[in-house]
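Here's the structure we're looking at; comments come further down.
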Amino acid sequence: MNDTLKVITERYSCRDFRDEMPSDEILQAIADAGIKAPSSMNRQPWRVIVVKDSELIKDIEEETFARISEMEDKTLYNRIVERGGKVFYTAPCMVVIPVFPDERCLSLIDCGIVCQNITLAATSLGVNSVICGLARLAFLDDCKAEEFSKRLRFPEGYVFGISVLLGYANTSKAPHEPDKDKIIFIE
Ligand SMILES: Cc1cc2nc3c(=O)[nH]c(=O)nc-3n(C[C@H](O)[C@H](O)[C@H](O)COP(=O)(O)O)c2cc1C
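Counting in the numbering used here, the sequence shown runs from 181 upward without gaps.
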């Protein structure tokens, strides 16, 4: 197995981070990998915002949790309460990827690829990660969306696309078992 396939195989979603920030050099390398992603017509309709500000991360997490606590279906809420109310798993760093929306949702695909480049680059550098779509909930309320978009310095017209939490694992887990039945060859 070559190095790329090894990294793809080893990546897993970390949900227990220790209190250690990756160095700026490492975070820069991860962000650089993000912006090397392909995009439809090379439009690059994204920003890669590396958030090390723990106050800002906490505020986004609290708003996300508040929205989860209002959900009628309590499954997610109960799961999060069981693990101490942590939605962001005490990750020291959060990469937020806002996108400029388009009618055909291509920018969301573009942003997903950025996100995967980030998780794989992180894995290759010994940094753990988990993609965090739930953070989108912090942007549902117009007022909060405006506040966080401003604090995160989203350019005009950009909206939350996806986020990735980064740090070092406190406890690790195995990658998910790939389901080989999902692969189809047509000859
Ligand atoms: C678009 C997207 C959004 C996700 N959002 C969350 C999230 O908000 N919280 C979380 O704990 N994991 C999230 N995940 C991680 C998935 O739960 C995880 O990838 C899946 O369970 C497979 O496990 P693995 O990543 O360890 O292989 C997200 C993954 C994707 C692709």
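In this text, a Cβ means the ideal position worked out from N, Cα and C, and glycines have one as well.
| Query | Result |
| --- | --- |
| Apart from the five residues just before and just after L286, which ones in its own chain have a Cβ nearer than 6 Å to its Cβ? | S220 |
| Check whether the stretch 320–336 and the stretch 202–215 are in contact - that is, three or more C-beta pairs closer than 8 Å. | no |
| Quick check on the DSSP output: the alpha helix (DSSP H) that includes S249 runs from which residue to which? | S234 to S249 |
| Please list, in chain order, all residues of the same chain as A209 whose beta carbon is under 7 Å from its beta carbon, the five residues on each side excluded. | A301 and L305 |
| Under three-state DSSP, which class holds R223? | coil |
| Taking its Cβ as the centre, do 16 or more other Cβ atoms sit within 10 Å of M368, making it buried, or is it exposed? | Here the chain covers residues 181 to 367 and nothing more, so residue 368 does not appear. |
| State the Cα-Cα distance for the pair D233 and L317, rounded to the nearest angstrom. | 19 Å |
| Out of curiosity, what's the CA-to-CA distance linking P281 and L288? | 7 Å |
| Alpha carbon to alpha carbon, what distance is there between K353 and D196? | 10 Å |
| Consider the C-beta atom of V310 and the heavy atoms of ligand 1; say whether any pair is separated by less than 8 Å. | yes |
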